[in-house]
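Peer 1: If you're matching positions, the sequence shown starts at -9 in my numbering and goes up one per residue.
Below is the structure I would like to discuss, written out as C-alpha coordinates.
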Amino acid sequence: MNTPDARAQSLQHWLDTLPGAFEDLRLLRADASFRRYFRARRDGVSVVIMDAPPEREATEPFVRIARLLEGLGLRPPRVLEHEPDSGFVLLEDLGDRTFTRALAEGANEWPLYQRALDTLATLHQRWPEQGRADHIPPYDRERLLAETALYADWYWPRLRGHAMPEAMRAEFDAAWHQVLEALPGLPDALVLRDFHVDNLMLPPGDEQACALLDFQDAVIGSPAYDVVSLLEDARREVSADTVARGLEHYLANADMPRASFMAHYHVLGVQRTVKILGIFVRLAERDGKPRYLEHLPRLHRLLEQGLRHPELGPVARWFAAHAAREHA
(Lines of atoms letter the chains of each structure in order from A and count residues from 1; the text may use other names and numbers.)
(Lines give C-alpha, C1' and ligand atoms only; values in the text may rest on other atoms or scores of the structure.)
Protein backbone atom coordinates (compact mmCIF):
# COMPACT_ATOMS: atom_id res chain seq x y z
CA MET A 1 0.00 0.00 0.00
CA ASN A 2 1.46 3.37 -1.00
CA THR A 3 -0.52 5.69 1.31
CA PRO A 4 0.87 5.57 4.87
CA ASP A 5 -1.46 8.22 6.36
CA ALA A 6 -3.63 7.47 9.41
CA ARG A 7 -6.86 7.14 7.41
CA ALA A 8 -5.29 4.54 5.14
CA GLN A 9 -4.07 2.61 8.16
CA SER A 10 -7.58 2.69 9.66
CA LEU A 11 -8.94 1.47 6.35
CA GLN A 12 -6.52 -1.46 6.32
CA HIS A 13 -7.57 -2.37 9.86
CA TRP A 14 -11.25 -2.32 8.80
CA LEU A 15 -10.58 -4.49 5.78
CA ASP A 16 -8.82 -6.99 8.05
CA THR A 17 -12.11 -7.49 9.94
CA LEU A 18 -14.11 -8.33 6.79
CA PRO A 19 -14.56 -11.73 5.16
CA GLY A 20 -12.19 -12.49 2.33
CA ALA A 21 -8.56 -11.78 1.59
CA PHE A 22 -7.76 -8.19 0.54
CA GLU A 23 -4.60 -7.36 -1.37
CA ASP A 24 -3.08 -4.70 -3.61
CA LEU A 25 -4.75 -1.78 -1.80
CA ARG A 26 -3.89 1.49 -3.57
CA LEU A 27 -5.17 5.02 -3.79
CA LEU A 28 -7.40 5.48 -6.80
CA ARG A 29 -8.35 9.15 -6.69
CA ALA A 30 -9.61 12.05 -4.63
CA ASP A 31 -12.45 14.31 -5.76
CA ALA A 32 -13.62 17.88 -5.20
CA SER A 33 -14.85 16.99 -1.71
CA PHE A 34 -12.87 15.38 1.10
CA ARG A 35 -13.60 11.86 -0.15
CA ARG A 36 -10.94 9.52 -1.47
CA TYR A 37 -11.28 6.23 -3.28
CA PHE A 38 -9.09 3.16 -3.06
CA ARG A 39 -9.02 0.05 -5.19
CA ALA A 40 -8.15 -3.42 -3.94
CA ARG A 41 -8.69 -7.06 -4.75
CA ARG A 42 -10.95 -9.18 -2.55
CA ASP A 43 -10.44 -12.87 -3.17
CA GLY A 44 -9.17 -11.91 -6.61
CA VAL A 45 -12.13 -9.65 -7.49
CA SER A 46 -11.55 -5.90 -7.90
CA VAL A 47 -13.43 -3.69 -5.43
CA VAL A 48 -13.47 0.03 -4.60
CA ILE A 49 -13.45 1.56 -1.13
CA MET A 50 -14.85 5.01 -0.41
CA ASP A 51 -13.01 6.85 2.35
CA ALA A 52 -15.09 9.75 3.69
CA PRO A 53 -13.81 11.16 7.01
CA PRO A 54 -16.92 11.19 9.24
CA GLU A 55 -16.09 14.59 10.70
CA ARG A 56 -16.27 15.98 7.14
CA GLU A 57 -19.19 14.09 5.58
CA ALA A 58 -21.42 11.11 6.31
CA THR A 59 -21.50 7.97 4.21
CA GLU A 60 -25.11 7.07 5.05
CA PRO A 61 -26.63 9.27 2.29
CA PHE A 62 -24.56 7.56 -0.40
CA VAL A 63 -25.55 4.10 0.81
CA ARG A 64 -29.21 5.04 1.18
CA ILE A 65 -29.43 6.59 -2.29
CA ALA A 66 -27.49 3.71 -3.88
CA ARG A 67 -30.03 1.22 -2.56
CA LEU A 68 -32.91 3.45 -3.61
CA LEU A 69 -31.57 3.76 -7.16
CA GLU A 70 -31.04 0.03 -7.37
CA GLY A 71 -34.64 -0.48 -6.28
CA LEU A 72 -35.76 1.80 -9.12
CA GLY A 73 -33.95 -0.40 -11.64
CA LEU A 74 -30.97 1.90 -12.19
CA ARG A 75 -27.27 1.08 -11.98
CA PRO A 76 -25.36 2.45 -9.00
CA PRO A 77 -22.40 0.47 -7.66
CA ARG A 78 -23.54 -2.29 -5.34
CA VAL A 79 -22.79 -1.61 -1.67
CA LEU A 80 -20.90 -4.64 -0.35
CA GLU A 81 -19.96 -3.46 3.15
CA HIS A 82 -20.48 -0.25 5.13
CA GLU A 83 -18.88 1.12 8.28
CA PRO A 84 -20.61 4.48 8.96
CA ASP A 85 -18.74 5.32 12.17
CA SER A 86 -15.38 5.16 10.39
CA GLY A 87 -16.61 6.51 7.05
CA PHE A 88 -15.72 3.51 4.88
CA VAL A 89 -17.85 1.90 2.18
CA LEU A 90 -16.85 -1.18 0.19
CA LEU A 91 -18.29 -1.01 -3.33
CA GLU A 92 -18.55 -2.92 -6.54
CA ASP A 93 -15.82 -1.78 -8.93
CA LEU A 94 -17.44 -0.20 -11.99
CA GLY A 95 -14.09 0.11 -13.75
CA ASP A 96 -12.36 3.19 -15.12
CA ARG A 97 -14.33 3.93 -18.28
CA THR A 98 -16.36 7.02 -17.54
CA PHE A 99 -18.37 8.63 -20.31
CA THR A 100 -15.69 11.34 -20.23
CA ARG A 101 -12.97 8.80 -20.98
CA ALA A 102 -15.03 7.14 -23.72
CA LEU A 103 -15.54 10.53 -25.38
CA ALA A 104 -11.82 11.30 -25.15
CA GLU A 105 -11.14 7.95 -26.83
CA GLY A 106 -13.32 8.99 -29.77
CA ALA A 107 -16.74 7.61 -28.87
CA ASN A 108 -19.64 9.31 -30.63
CA GLU A 109 -21.14 11.95 -28.36
CA TRP A 110 -24.84 11.53 -29.10
CA PRO A 111 -25.32 7.83 -28.22
CA LEU A 112 -23.76 8.37 -24.80
CA TYR A 113 -25.86 11.44 -24.07
CA GLN A 114 -28.94 9.65 -25.35
CA ARG A 115 -28.27 6.81 -22.91
CA ALA A 116 -27.81 9.26 -20.05
CA LEU A 117 -31.06 11.04 -20.89
CA ASP A 118 -32.87 7.70 -21.09
CA THR A 119 -31.61 7.01 -17.57
CA LEU A 120 -33.04 10.32 -16.35
CA ALA A 121 -36.34 9.72 -18.12
CA THR A 122 -36.59 6.30 -16.44
CA LEU A 123 -35.78 7.78 -13.04
CA HIS A 124 -38.33 10.56 -13.44
CA GLN A 125 -41.06 8.23 -14.67
CA ARG A 126 -40.58 5.72 -11.86
CA TRP A 127 -40.02 8.16 -9.03
CA PRO A 128 -43.64 9.21 -8.28
CA GLU A 129 -44.90 5.64 -8.12
CA GLN A 130 -41.95 3.81 -6.59
CA GLY A 131 -39.76 6.46 -5.02
CA ARG A 132 -39.45 7.12 -1.32
CA ALA A 133 -38.47 10.51 0.00
CA ASP A 134 -37.49 9.37 3.50
CA HIS A 135 -34.58 11.41 4.81
CA ILE A 136 -33.97 13.06 1.42
CA PRO A 137 -34.02 16.86 1.75
CA PRO A 138 -36.11 19.07 -0.53
CA TYR A 139 -34.43 21.15 -3.22
CA ASP A 140 -36.83 23.99 -2.56
CA ARG A 141 -36.76 27.71 -3.26
CA GLU A 142 -34.93 28.47 -0.02
CA ARG A 143 -32.13 26.07 -0.85
CA LEU A 144 -31.82 27.31 -4.42
CA LEU A 145 -31.61 30.88 -3.14
CA ALA A 146 -28.97 29.90 -0.60
CA GLU A 147 -26.86 28.39 -3.37
CA THR A 148 -26.88 31.59 -5.41
CA ALA A 149 -25.18 33.22 -2.42
CA LEU A 150 -22.01 31.34 -3.39
CA TYR A 151 -21.62 33.78 -6.27
CA ALA A 152 -21.78 36.75 -3.91
CA ASP A 153 -19.65 35.14 -1.20
CA TRP A 154 -16.83 33.79 -3.36
CA TYR A 155 -16.95 34.79 -7.01
CA TRP A 156 -17.76 38.48 -6.62
CA PRO A 157 -14.85 39.21 -4.22
CA ARG A 158 -12.46 37.54 -6.68
CA LEU A 159 -13.97 39.56 -9.52
CA ARG A 160 -13.86 42.95 -7.82
CA GLY A 161 -11.45 42.53 -4.93
CA HIS A 162 -14.02 43.40 -2.26
CA ALA A 163 -17.26 42.08 -0.79
CA MET A 164 -20.48 42.75 -2.66
CA PRO A 165 -22.10 45.91 -1.22
CA GLU A 166 -25.07 45.18 1.02
CA ALA A 167 -27.62 47.05 -1.11
CA MET A 168 -26.41 45.37 -4.29
CA ARG A 169 -26.62 41.98 -2.63
CA ALA A 170 -30.18 42.69 -1.53
CA GLU A 171 -31.05 43.44 -5.17
CA PHE A 172 -29.33 40.21 -6.26
CA ASP A 173 -31.32 38.16 -3.74
CA ALA A 174 -34.58 39.89 -4.65
CA ALA A 175 -34.06 39.24 -8.36
CA TRP A 176 -33.49 35.54 -7.74
CA HIS A 177 -36.47 35.32 -5.43
CA GLN A 178 -38.67 36.86 -8.11
CA VAL A 179 -37.42 34.47 -10.80
CA LEU A 180 -37.75 31.33 -8.66
CA GLU A 181 -41.16 32.39 -7.34
CA ALA A 182 -42.47 32.66 -10.91
CA LEU A 183 -41.54 29.09 -11.91
CA PRO A 184 -44.58 27.02 -12.94
CA GLY A 185 -45.47 23.79 -11.20
CA LEU A 186 -43.68 20.60 -12.21
CA PRO A 187 -43.78 17.12 -10.61
CA ASP A 188 -40.94 16.51 -8.18
CA ALA A 189 -38.23 13.94 -8.86
CA LEU A 190 -35.10 12.58 -7.27
CA VAL A 191 -32.34 15.03 -8.27
CA LEU A 192 -28.84 13.50 -8.29
CA ARG A 193 -27.24 16.99 -8.63
CA ASP A 194 -23.89 15.90 -10.12
CA PHE A 195 -25.28 14.18 -13.19
CA HIS A 196 -22.63 14.72 -15.87
CA VAL A 197 -20.27 12.62 -17.95
CA ASP A 198 -17.54 12.48 -15.26
CA ASN A 199 -19.97 10.56 -13.03
CA LEU A 200 -21.46 8.20 -15.62
CA MET A 201 -19.78 4.86 -16.21
CA LEU A 202 -19.57 2.10 -18.78
CA PRO A 203 -19.00 -0.86 -16.45
CA PRO A 204 -16.87 -3.76 -17.70
CA GLY A 205 -18.97 -6.53 -19.16
CA ASP A 206 -22.03 -4.27 -19.35
CA GLU A 207 -21.03 -1.36 -21.57
CA GLN A 208 -24.59 -0.74 -22.72
CA ALA A 209 -25.40 0.39 -19.18
CA CYS A 210 -25.26 3.90 -17.74
CA ALA A 211 -23.86 3.34 -14.26
CA LEU A 212 -24.06 6.17 -11.74
CA LEU A 213 -21.55 7.72 -9.34
CA ASP A 214 -21.47 10.64 -6.90
CA PHE A 215 -25.16 10.82 -6.00
CA GLN A 216 -24.86 11.13 -2.21
CA ASP A 217 -26.11 14.74 -2.28
CA ALA A 218 -29.41 13.78 -3.93
CA VAL A 219 -32.46 15.88 -3.12
CA ILE A 220 -36.13 16.05 -4.08
CA GLY A 221 -36.76 18.79 -6.63
CA SER A 222 -37.18 19.74 -10.26
CA PRO A 223 -36.47 17.02 -12.86
CA ALA A 224 -34.97 19.72 -15.09
CA TYR A 225 -31.94 20.12 -12.83
CA ASP A 226 -30.13 16.92 -13.82
CA VAL A 227 -30.97 17.43 -17.49
CA VAL A 228 -29.34 20.86 -17.45
CA SER A 229 -26.42 19.47 -15.41
CA LEU A 230 -25.76 17.00 -18.22
CA LEU A 231 -26.33 19.27 -21.22
CA GLU A 232 -24.79 22.48 -19.80
CA ASP A 233 -21.70 20.83 -18.37
CA ALA A 234 -19.42 23.14 -16.41
CA ARG A 235 -16.35 21.08 -17.34
CA ARG A 236 -16.98 20.05 -20.94
CA GLU A 237 -18.21 21.63 -24.16
CA VAL A 238 -21.35 19.82 -25.31
CA SER A 239 -22.20 20.30 -28.98
CA ALA A 240 -25.22 22.46 -29.81
CA ASP A 241 -26.64 19.56 -31.80
CA THR A 242 -26.46 17.22 -28.81
CA VAL A 243 -28.10 19.82 -26.56
CA ALA A 244 -30.98 20.36 -28.99
CA ARG A 245 -31.44 16.65 -29.73
CA GLY A 246 -31.09 15.82 -26.07
CA LEU A 247 -33.88 18.13 -24.98
CA GLU A 248 -36.21 16.80 -27.65
CA HIS A 249 -35.31 13.20 -26.83
CA TYR A 250 -35.87 13.67 -23.11
CA LEU A 251 -39.19 15.47 -23.56
CA ALA A 252 -40.41 12.75 -25.92
CA ASN A 253 -39.69 10.07 -23.32
CA ALA A 254 -40.27 11.64 -19.91
CA ASP A 255 -43.92 12.73 -20.18
CA MET A 256 -43.21 16.27 -18.96
CA PRO A 257 -45.23 19.40 -19.81
CA ARG A 258 -42.94 21.09 -22.30
CA ALA A 259 -43.42 24.77 -21.45
CA SER A 260 -43.12 24.23 -17.70
CA PHE A 261 -40.09 21.98 -18.09
CA MET A 262 -38.27 24.46 -20.33
CA ALA A 263 -38.93 27.30 -17.88
CA HIS A 264 -37.30 25.20 -15.15
CA TYR A 265 -34.46 24.22 -17.49
CA HIS A 266 -33.60 27.84 -18.32
CA VAL A 267 -33.86 29.16 -14.76
CA LEU A 268 -32.04 26.27 -13.10
CA GLY A 269 -29.35 26.40 -15.77
CA VAL A 270 -28.45 29.95 -14.76
CA GLN A 271 -28.90 29.21 -11.06
CA ARG A 272 -26.50 26.30 -11.39
CA THR A 273 -23.95 28.33 -13.36
CA VAL A 274 -23.99 31.13 -10.79
CA LYS A 275 -23.57 28.60 -7.98
CA ILE A 276 -20.69 26.79 -9.70
CA LEU A 277 -18.83 30.04 -10.35
CA GLY A 278 -18.77 30.46 -6.58
CA ILE A 279 -17.92 26.82 -5.91
CA PHE A 280 -14.98 26.75 -8.32
CA VAL A 281 -13.48 29.90 -6.81
CA ARG A 282 -13.97 28.42 -3.33
CA LEU A 283 -12.25 25.20 -4.40
CA ALA A 284 -9.32 27.24 -5.68
CA GLU A 285 -8.97 29.70 -2.83
CA ARG A 286 -10.07 27.74 0.24
CA ASP A 287 -9.23 24.17 -0.75
CA GLY A 288 -6.08 24.74 -2.82
CA LYS A 289 -7.48 23.30 -6.08
CA PRO A 290 -6.78 26.01 -8.69
CA ARG A 291 -7.42 23.71 -11.66
CA TYR A 292 -11.13 24.45 -11.37
CA LEU A 293 -10.50 28.03 -12.46
CA GLU A 294 -9.76 26.71 -15.96
CA HIS A 295 -13.50 26.25 -16.42
CA LEU A 296 -14.52 29.85 -15.68
CA PRO A 297 -14.59 30.99 -19.36
CA ARG A 298 -17.05 28.20 -20.19
CA LEU A 299 -19.22 29.18 -17.24
CA HIS A 300 -19.17 32.81 -18.39
CA ARG A 301 -20.46 31.71 -21.80
CA LEU A 302 -23.19 29.56 -20.26
CA LEU A 303 -24.25 32.47 -18.06
CA GLU A 304 -24.36 34.92 -20.96
CA GLN A 305 -26.44 32.49 -23.04
CA GLY A 306 -28.77 31.63 -20.18
CA LEU A 307 -29.53 35.24 -19.28
CA ARG A 308 -31.10 35.74 -22.72
CA HIS A 309 -34.16 33.69 -21.79
CA PRO A 310 -37.16 35.79 -20.72
CA GLU A 311 -37.72 33.77 -17.54
CA LEU A 312 -34.46 35.26 -16.22
CA GLY A 313 -35.53 38.89 -16.73
CA PRO A 314 -34.94 40.24 -13.19
CA VAL A 315 -31.62 38.43 -12.83
CA ALA A 316 -30.51 39.49 -16.32
CA ARG A 317 -31.23 43.12 -15.44
CA TRP A 318 -29.13 42.81 -12.28
CA PHE A 319 -26.18 41.47 -14.27
CA ALA A 320 -26.61 44.15 -16.92
CA ALA A 321 -26.47 46.82 -14.23
CA HIS A 322 -23.66 45.44 -12.09
CA ALA A 323 -21.55 42.85 -13.93
CA ALA A 324 -22.16 43.26 -17.65
CA ARG A 325 -18.54 43.78 -18.66
CA GLU A 326 -17.31 40.70 -16.78
CA HIS A 327 -19.90 38.34 -18.27
CA ALA A 328 -20.31 39.77 -21.75
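For glycine and all other residues, C-beta sits at the position ideal for the given N, C-alpha and C.
Please read all numbers here as calculations on a predicted model, not as lab measurements.
From Arg159 to Val217, what does the alpha carbon distance come to, in whole angstroms?
Peer 2: Whole-angstrom Cα-Cα distance: 29 Å.
Peer 1: Please report the residue range of the beta strand (DSSP E) in which Val37 lies.
Peer 2: Here the beta strand (DSSP E) through Val37 covers Val35 to Asp41.
Peer 1: Can you name the residues that DSSP bridges to Glu238?
Peer 2: BP columns for Glu238 are empty, so no partner.
Peer 1: When you compare the CB positions of Ala92 and Leu192, do they come within less than 8 Å of one another, or not?
Peer 2: Yes, Cβ-Cβ distance for Ala92 and Leu192 is below 8 Å.
Peer 1: Whole angstroms is fine: what's the gap from Ala11's alpha carbon to Arg32's?
Peer 2: If I take the Cα positions, the gap works out to 5 Å.
Peer 1: How do the segment 177 to 186 and the segment 205 to 225 stand: do at least 3 beta-carbon pairs fall below 8 Å, yes or no?
Peer 2: These segments touch.
Peer 1: For Pro137, which residues in the same chain have their Cβ closer than 6 Å to its Cβ, ignoring the five residues on either side in sequence?
Peer 2: Looking at the sequence shown, residue 137 is not Pro but Glu. Contacts found: Lys265.
Peer 1: What number of angstroms, rounded off, separates the C-alpha of Gln168 from the C-alpha of Leu18?
Peer 2: Each residue's Cα considered, the two are about 44 Å apart.
Peer 1: By alpha-carbon positions, which one of Glu275, Leu64 and Arg133 ends up nearest to Trp144?
Peer 2: Residue Glu275 is the option with its Cα nearest to Trp144.
Peer 1: Give me the Cα-Cα distance between Met246 and Ala230, rounded to the nearest whole angstrom.
Peer 2: C-alpha separation (whole angstroms): 22 Å.
Peer 1: Taking C-beta to C-beta, are Leu170 and Arg131 nearer than 8 Å?
Peer 2: Contact flag set, yes.
Peer 1: Roughly how many whole angstroms lie between the Cα atoms of Ala139 and Ser250?
Peer 2: Those two C-alpha atoms are separated by around 25 Å.
Peer 1: For Val209 versus Pro127, is the C-beta distance shorter than 8 Å?
Peer 2: Against a cut-off of 8 Å, the Cβ pair of Pro127 and Val209 comes out as a contact.
Peer 1: Please return the same chain residues whose Cβ sits closer than 8 Å to the Cβ of Leu176, not counting the five positions on each side in sequence.
Peer 2: Excluding sequence neighbours, Leu176 sits near Ser212, Pro213, Ala214, Met246, Pro247, Ser250, Phe251 and His254.
Peer 1: In its own chain, which residues sit with a C-beta less than 7 Å from the C-beta of Leu173, not counting the 5 before and 5 after it?
Peer 2: Answer for Leu173: Ala253, His254 and Val257, listed in chain order.
Peer 1: Among Pro101, Leu1, Ser36 and Arg288, which has the Cα closest to the Cα of Val79?
Peer 2: Among Pro101, Leu1, Ser36 and Arg288, the Cα nearest to that of Val79 is on Leu1.
Peer 1: For the pair the segment 30 to 45 and the segment 72 to 90, tell me if three or more CB-CB distances fall below 8 Å.
Peer 2: Touching, yes, given that three or more Cβ pairs across the two stretches are closer than 8 Å.
Peer 1: In its own chain, which residues sit with a C-beta less than 6 Å from the C-beta of Ala42, not counting the 5 before and 5 after it?
Peer 2: Closer than 6 Å at the Cβ level, and outside the excluded window around Ala42, lie Arg25, Thr49 and Gly77.
Peer 1: In whole angstroms, what separates the C-alpha of Gly63 from that of Pro74?
Peer 2: Using only the alpha carbons, I get a separation of about 25 Å.
Peer 1: In its own chain, which residues sit with a C-beta less than 7 Å from the C-beta of Glu197, not counting the 5 before and 5 after it?
Peer 2: So the list is empty, once near-sequence residues are dropped.
Peer 1: Quick one: using the 10 Å Cβ neighbour count with 16 as the cut-off for buried, is Ala106 buried or exposed?
Peer 2: So Ala106 ends up on the buried side.
Peer 1: Where in the segment 188 to 251 do unbroken runs of the alpha helix (DSSP H), each at least 4 residues long, occur, reported from the N-terminal end onward?
Peer 2: Listed in chain order, they are 214 to 221 and 230 to 244.
Peer 1: Check Val305 in the structure and name its three-state DSSP category.
Peer 2: In this structure, Val305 counts as helix in the three-state DSSP scheme.
Peer 1: Let me know the secondary structure DSSP gives His186 once reduced to three states.
Peer 2: Coil, per DSSP.
Peer 1: Consider the C-beta atom of Met246 and the heavy atoms of the ligand GDP; say whether any pair is separated by less than 7 Å.
Peer 2: You won't find the ligand GDP in this model; it holds no ligand whatsoever.
Peer 1: For Met29 and Leu15, I'd like the C-alpha separation in whole angstroms.
Peer 2: The question names Met, yet the displayed sequence has Arg at residue 29. If I take the Cα positions, the gap works out to 6 Å.
Peer 1: With a threshold of 16 other CB atoms inside 10 Å of the CB of Gln399, please say whether the residue is buried or exposed.
Peer 2: The question about residue 399 has no answer, for the chain in this structure spans -9 to 318.
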